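Take a look at the structure set out below.
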Amino acid sequence: MVTGKVVRFDEVRGYGFVAPDGGGEDVFIHVNDLTFDKRLVAPGVVVEFDLEDSDRGPKASNVHILRQSSPPGEQPPEEELFDVLSAKEFHETVTEALLTSAPTMTAEQVLQVRQKLTQIAVRHGWVDA
1 MVTGKVVRFD
11 EVRGYGFVAP
21 DGGGEDVFIH
31 VNDLTFDKRL
41 VAPGVVVEFD
51 LEDSDRGPKA
61 SNVHILRQSS
71 PPGEQPPEEE
81 LFDVLSAKEF
91 HETVTEALLT
101 SAPTMTAEQV
111 LQVRQKLTQI
121 AVRHGWVDA
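Read in UniProt numbering, the sequence shown has 52 at position 52, and its numbers run on one by one without any break.
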């Protein structure tokens with residue numbers, strides 16, 4: 001079985017393409033080869049499938065969903081890496097962002113928002129505490 005991520009899928013037409021994890025040409029995927037509801041197919045969904053050759057190129061069959069894509073705003077999967085900032089770097093970044101995006105905020109408001117954002121960042125491991 002081969003794994004890959006859905007690149008695109010047209011639910012109305014019932015087909016799309018998967019980029020195999022091992023690289024190479026995108027693989028055609030058809031709704032008739034899904035072992036799950038087609039409404040779960042979206043870009044970023046990780047699937048496992050049998051790879052077949054067809055006269056039009058590689059084709060997926062017996063497609064199983066392994067992991068759904070994360071909705072916007074959710075934490076990235078654990079295997080993705082991100083920078084962990086020092087508290088000082090985080091404060092400087094947040095302060096600059098607040099002053100740039102909301103210049104009418106008072107100093108007290110900036111401090112209150114920055115304190116709350118720091119609490120959230122520490123809880124999620126985005127900042128070295």
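We treat Cβ as the ideally placed atom computed from N, Cα and C, and that holds for glycine.
Quick caveat: nothing in here was measured; it's all calculated off a predicted structure.
Enclosing beta strand (DSSP E) for residue i [first to last residue]
i, result
"VAL45", "Unbroken run through VAL45: none, as it is neither H nor E."
"PHE17", "15 to 20"
"VAL27", "27 to 30"
Contact check, residue i vs residue j, beta carbons under 8 Å
i, j, result
"ASP10", "VAL18", "no"
"VAL45", "VAL12", "no"
"LEU85", "VAL127", "yes"
"PRO43", "ARG67", "no"
"HIS91", "ARG123", "no"
Cβ shell of residue i (< 6 Å), same chain only, five flanking positions each side left out
i, result
"HIS64", "THR35 and GLU48"
"THR3", "ASP21 and GLU48"
Continuous alpha helix (DSSP H) stretch holding residue i: start and end
i, result
"PHE90", "87 to 101"
"ARG123", "107 to 124"
Other residues of its chain near residue i: CB distance less than 7 Å, five sequence neighbours each side excluded
i, result
"ASN62", "ASP33, THR35, PHE49 and ASP50"
"LEU117", "VAL94"
Local conformation of residue i per DSSP, three classes
i, result
"VAL2", "strand"
"ARG67", "strand"
"VAL12", "coil"
"ASP37", "coil"
"GLY57", "strand"
"VAL84", "coil"
Cut-off 8 Å between Cβ atoms - residues of its own chain near residue i, not counting five sequence neighbours on either side
i, result
"GLY14", "HIS30, VAL31, ASN32 and LYS38"
Residue i burial status per 10 Å Cβ neighbour count (16 or more: buried)
i, result
"ALA121", "buried"
"ALA107", "exposed"
"ALA60", "buried"
"residue 152", "Because the chain is modelled from 1 through 129, residue 152 falls outside the range shown and cannot be assessed."
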